[in-house]
Structures are given as C-alpha cells and as structure tokens.
Amino acid sequence: MTDAALREALSRTLAGTNFASLGKRYEGKVRDTYTRDGTRLLIATDRISAFDRVLGTIPWKGQVLTQLAAYWFRQTTEVAPNHMIDVPDPCVMRVKDCAPFHVEFVVRGYATGNTSTSLWTHYARGERNYAGYKLPEGLKKHQHLEAPLVTPATKAPKGEHDVTTCRDDLVARRAIGAEEYDAIASMALSLFERGQAIARSRGLLLVDTKYEFGRTSDGTIVVIDEIHTPDSSRYWIESSYESRLAQGQDPEGLDKDYVRNFYLSLGYKGDGPPPAMTDEVRVEAAGRYIQAYERITNEVFVPNEEEPISRLERTLGA
Ligand SMILES: Nc1ncnc2c1ncn2[C@@H]1O[C@H](COP(=O)(O)OP(=O)(O)OP(=O)(O)O)[C@@H](O)[C@H]1O
Ligand SMILES: [Mg+2]
7 MTDAALREAL
17 SRTLAGTNFA
27 SLGKRYEGKV
37 RDTYTRDGTR
47 LLIATDRISA
57 FDRVLGTIPW
67 KGQVLTQLAA
77 YWFRQTTEVA
87 PNHMIDVPDP
97 CVMRVKDCAP
107 FHVEFVVRGY
117 ATGNTSTSLW
127 THYARGERNY
137 AGYKLPEGLK
147 KHQHLEAPLV
157 TPATKAPKGE
167 HDVTTCRDDL
177 VARRAIGAEE
187 YDAIASMALS
197 LFERGQAIAR
207 SRGLLLVDTK
217 YEFGRTSDGT
227 IVVIDEIHTP
237 DSSRYWIESS
247 YESRLAQGQD
257 PEGLDKDYVR
267 NFYLSLGYKG
277 DGPPPAMTDE
287 VRVEAAGRYI
297 QAYERITNEV
307 FVPNEEEPIS
317 RLERTLGA
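Residues 7 to 324 in the numbering used here are what the sequence shown spells out, letter by letter.
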C-alpha cells in the first residue's frame, strides 16, 4: 500500500467502540471485548500501546492483528489448542471465553529489547540473573541465545507496568500450579519453535513473543488473546540481520520497536502522559504492520475501506 493511501486513512481509524447490546464490555489497551454466554468478541481497534500506555491509532492495525492472529492460530492448532471460534469481521475474532492465567508467557530467542523489562536492558546493566536463568558472559546486543528462554511476567493492572518474574516465584506465590506452569511453558516453547520455522521460511526471524493462556469451561488449557502478531512479537528481516550487526546497526524490525524507538528518542520511557505520535510515525508504523502481514501470510493485504463502526454494527448485529 502507498504512503499516500496510508496518510489518507489516518483520519478514519477505529479508536474505540461502545456496543451496549453485545455483552459485558471490557476495554483493553488494544482490544474492546464483549462477553456473553461463554463467548467473547475481541474487537481489535487501531489503538497502539507501548510502555503499557495507549499512544494513538495506526491505520489498518486492527485488521492486520486480527487476520494475522487468525492465520497463526490456524497454523498452530496441532501444536497447542487455542480459543478461536471464527472471524465475523475483518477486525473481530469470536473466541471461547476462558479463565485466564494472570501470567504472560514471554519466550525470547535473542538478547535484545530496550524497555525496562527487556533481557538486554538487564544484561547491559551487568545483571546475569534473569527470570530464574543464569545468562552467560560475553553476550552481544541482538545476539541469538543458545536456546529460547521462557521469561514469565505478571500481568499488571491497567496503567501499571508488567514485572518479569520466574517460575519458582510464581509457583511460591500460588499464581499458578507447578504442573500447570510446566505444561504451559512447554506448549509455549513448541509454539515458538513452529513460529520461528514458519517465519524463517518467509525470510523473517521471530525474535521473541508473548503468549497468554486460559482454561475453557471444560478445563482445557488453550492459547488466548493473540499469537505471533507484531504487537506481541518482535520480527527481524533475516537477510540484513548479520550485516547490520557487523556494522553496529540495529536489525530491521517489522514490529512495535519502531514506535518504541521513536518515543525513546524523545526521552519518553512510559512515565507520565506520552507525547503525540507524528503522522509520519503513524504512516511508517502502518507500513511495517502491513509488511509483516504480507510477508508472513505470503498474501497481499486487502484493507477493508468501509467505515468501521457501521460495518461492525452490521457484521456483529450490534
Ligand atoms: N479467550 C479469552 N478469554 C478471556 N479473556 C481473554 C481471551 N482472549 C483475550 N482475553 C483478554 O482480553 C483482553 C484483550 O485486550 P487487549 O489485548 O487490548 O488487552 P491488553 O491491554 O493487552 O491487556 P490487559 O487489558 O489485560 O492489560 C485481555 O485482557 C486478554 O487477557
Ligand atoms: Mg493483549
């Protein structure tokens, strides 16, 4: 899609919804969800969050996230069951309503990141213990880790920052049972392995990601929320990875790091009200989300041009 088309779409993004007839409403940072009779509608708005703050909207982001998550759920059902029922609208996934584990299962394949919870932030400060693991000496920024690490975080209430923890702490605090933790961590690693293999076949490196899990009404543990989207994952372009590192540059990313880095360049790290995103940053971010979609699915992204609220009223019968 051209920058001109993206710029034109800046004024037509979906910032939020309020459909009283669809069930009990919950507003996440990115999704508005409606729960009724054991099912939940996840409406992915165009809101973007980073540093656990909503920063503004990005054209087509809700559609990219929904369709990409649906793609990945279809690709990984054999590896781990998930909550997806169907996709009644380009930006809506209907899912089984689950009892969530209040733990984010982060899986990291590389020594990277620049937020307060990132592995690299800790490592660069000289810390070698991270989420219960002992990290080796001599790691370089963006370097591939010998094996992926599951580094869980507690899901903070809205407006607060998630905190990296470790298996034993979660189990000791009874946030989750030991067997449950181990079963889920093993699912998370299998999902990550499948994700990395598919990404690599498309010329991308799946660098790290975050999974959420919940229990369905019949007790099955399933993947909930979203999976392997550019919101929940880092993706780097494989072809330029080595050469950029050799030149001391950051890898080329197709994820939220672009927006995070814009804010960090202004000195903003998530404390207090965020400065506004420029139109240039919104257009560039949209281009990266769409590129991630197209590279991963190997299909052209077809934006839905309809006015989103009236479309949602129709597709959801709101
Ligand atoms: N199948 C499911 N059952 C129950 N809850 C779910 C399910 N799938 C996703 N959720 C929850 O719906 C919300 C989705 O909203 P969104 O992704 O915007 O939230 P978030 O801002 O990332 O997280 P939160 O609002 O929990 O801090 C999350 O709270 C997520 O845990
Ligand atoms: Mg979420």
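Ideal Cβ positions, reconstructed from N, Cα and C, are used throughout, including at glycine.
Return the Cβ separation of residue i and residue j in integer angstroms, given the expectation that the two are a contact with Cβ distance under 8 Å.
i           : j           : result
residue 52  : residue 68  : 5 Å
residue 264 : residue 291 : 6 Å
residue 36  : residue 237 : 7 Å
residue 65  : residue 12  : 5 Å
residue 266 : residue 121 : 7 Å
residue 232 : residue 75  : 4 Å
residue 141 : residue 134 : 5 Å
residue 70  : residue 296 : 6 Å
Residue i by DSSP, collapsed to three states: which one?
i           : result
residue 147 : coil
residue 31  : strand
residue 208 : coil
residue 375 : Lying outside 7 to 324, the shown extent of the chain, residue 375 is not represented and no answer is given.
residue 282 : coil
residue 334 : Since the first and last residues shown for the chain are 7 and 324, residue 334 lies out of range.
residue 322 : helix
residue 74  : helix
residue 64  : coil
residue 245 : helix
residue 106 : strand
residue 287 : helix
residue 230 : strand
residue 296 : helix
residue 218 : strand
residue 193 : helix
residue 152 : strand
residue 306 : coil
residue 98  : strand
Nearest CA to the CA of residue i: which residue from the options?
i           : options            : result
residue 269 : 257, 255, 284, 258 : 284
residue 229 : 45, 39, 87         : 87
residue 111 : 164, 217, 79, 321  : 217
residue 149 : 247, 73, 296, 10   : 247
residue 56  : 164, 25, 157       : 164
residue 1   : 296, 222, 312, 279 : The structure shown does not extend to residue 1, since the chain is modelled only from 7 through 324, so no value can be given for it.
residue 8   : 320, 315, 309      : 309
residue 154 : 117, 181, 179      : 117
residue 15  : 29, 312, 318       : 312
residue 307 : 33, 96, 81         : 96
residue 109 : 203, 251, 169, 98  : 169
Near residue i, which residues of its chain fall below 7 Å by C-beta distance, leaving aside the five closest residues on each side in sequence?
i           : result
residue 259 : 240, 241, 242
residue 100 : 45, 47, 91, 92, 94
residue 119 : 125, 126, 127
residue 114 : 125, 151, 154, 155, 157, 214
residue 187 : 173, 176, 177
Would residue i pass as an interface residue toward chain D - the criterion being a Cβ-Cβ separation below 7 Å?
i           : result
residue 220 : Protein chain content of the structure displayed is limited to a single chain, and chain D is not contained in it.
Short of 8 Å in beta carbon distance, which residues of its chain neighbour residue i, apart from the five on each side in sequence? Order them along the chain.
i           : result
residue 62  : 53, 54, 282, 283, 288
residue 189 : 227
residue 209 : 243, 244, 245, 301
residue 167 : 57, 58, 122, 123, 276
Within its chain, find whatever has a CB closer than 6 Å to the CB of residue i; leave out the 5 residues flanking it on each side and keep chain order.
i           : result
residue 196 : 85
residue 27  : 324
residue 82  : 197, 200
residue 77  : 303
How about the segment 38-53 and the segment 7-26: do they share at least three Cβ pairs that are nearer than 8 Å?
Put simply, the segment 38-53 touches the segment 7-26. At least three CB pairs are less than 8 Å apart.
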